[in-house]
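Quick notes on the structure that follows.
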Ligand code: PNS
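In the numbering used here, the protein residues as written are 1467 to 1631.
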């Protein structure tokens, strides 16, 4: 039986920590869908299409990884693609409370899909999309924080002319 996992997130922007989790998950499952949440209530720096394209380019070296998008409940999306597992990355204990809650809610909604947690590399444990957003919008160097393919998307989004969006 082929094992498919979904790795969901906002990925605004995708970071090296995200890519590290993707590579770890890709080695554990037959197929991995990186699923970008299209949550319209959030004010994002990158559009959903930019996030999807940025991830697609960042995972081009991983043949079993595809990029998708979802709206509504994650668990419904996971069921619709026949996933056996949802993958989430953990950095520090501070992530745990929210992740635990999310995993429990998802299990309550569908007990057949497991949530699997993967620890990121130590050197990425300080990284988060919100930190990268802040550095990028304030003009700092974010090039060591995101996959190479993400850099031009972030540069474009943080050009002064585009920042008022
Ligand atoms: O990268 P993020 O922002 O931590 O990702 C969070 C995400 C998008 C995975 C989460 O907010 C989500 O699953 N949203 C969909 C709505 C949903 O299913 N909610 C119930 C589970 S708490």
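Ideal placement from N, C-alpha and C gives every residue a C-beta, glycine not left out. Just so we're clear, the structure is a prediction, and the values are computed from it rather than from any experiment.
With DSSP as the reference, identify every bridge partner of residue i, one or two as the case may be.
i            : result
residue 1533 : 1500
residue 1553 : 1582
residue 1471 : 1498, 1551
Straight-line CA distance for residue i to residue j?
i            : j            : result
residue 1614 : residue 1543 : 29 Å
residue 1539 : residue 1572 : 9 Å
residue 1621 : residue 1559 : 31 Å
residue 1479 : residue 1519 : 11 Å
residue 1510 : residue 1577 : 31 Å
residue 1535 : residue 1503 : 6 Å
residue 1498 : residue 1548 : 11 Å
residue 1608 : residue 1602 : 6 Å
residue 1585 : residue 1557 : 6 Å
residue 1591 : residue 1483 : 7 Å
With a cut-off of 7 Å, does the C-beta of residue i fall near any C-beta of chain B?
i            : result
residue 1576 : The question asks about chain B, but that chain is absent: this structure has only one protein chain.
Between the Cα of residue i and those of the options, spot the shortest distance and give me the residue it belongs to.
i            : options                : result
residue 1487 : 1618, 1598, 1600, 1589 : 1589
residue 1599 : 1497, 1554, 1623       : 1623
residue 1530 : 1492, 1570, 1516, 1469 : 1492
*asked:* Quick check on the contact list: which residues have their beta carbon closer than 5 Å to a heavy atom of the ligand PNS?
replied: The answer, residue by residue, is 1474, 1475, 1476, 1503, 1539, 1540, 1568, 1571.
*Just list the alpha helix (DSSP H) runs in the segment 1570–1607, keeping only unbroken ones of 4 residues or longer that don't cross its boundaries, in chain order.*
For secondary structure counted as the alpha helix (DSSP H) over 4 or more consecutive residues, the segment 1570–1607 holds these complete runs in sequence order: 1595–1603.
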